[in-house]
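Residue numbers (our numbering): -5 to 71.
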């Protein structure tokens, strides 16, 4: 199933243990993030994985940014 607001990202218990993947592939969101963190460029990722597009890589980044955001909780005084 694709995630609301992220049509290029899917979660399916039968694919990669239910971890988020680029829709239509078995490439996990974490795989793309680890490549970027390791210094790979978007162009290198798309070259190495021709079934991914630059839009897919941008979708991974958008999903990760959304997942990392959380409400600020202030301590009660």
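Ideal Cβ placement from N, Cα and C applies to all residues, glycine included.
Where the alpha helix (DSSP H) containing residue i begins and where it ends
| i | result |
| --- | --- |
| residue 3 | It is not in any alpha helix (DSSP H) - residue 3 instead sits in the beta strand (DSSP E) that spans 0 to 4. |
| residue 47 | Taken as a continuous stretch (DSSP letters only), residue 47 belongs to no alpha helix (DSSP H), as it is neither H nor E. |
| residue 40 | 36 to 42 |
Three-state secondary structure (DSSP) of residue i
| i | result |
| --- | --- |
| residue -3 | strand |
| residue 21 | coil |
| residue 15 | strand |
| residue 58 | helix |
C-alpha gap between residue i and residue j, whole angstroms
| i | j | result |
| --- | --- | --- |
| residue 48 | residue 12 | 23 Å |
| residue 59 | residue 65 | 13 Å |
| residue 71 | residue 8 | 47 Å |
| residue 57 | residue 6 | 16 Å |
| residue 1 | residue 68 | 33 Å |
| residue 40 | residue 30 | 12 Å |
Rounded distance between the beta-carbons of residue j and residue i, thought under 8 Å
| i | j | result |
| --- | --- | --- |
| residue 21 | residue 46 | 6 Å |
| residue 35 | residue 17 | With a Cβ gap of about 22 Å, residue 35 and residue 17 do not count as contacting. |
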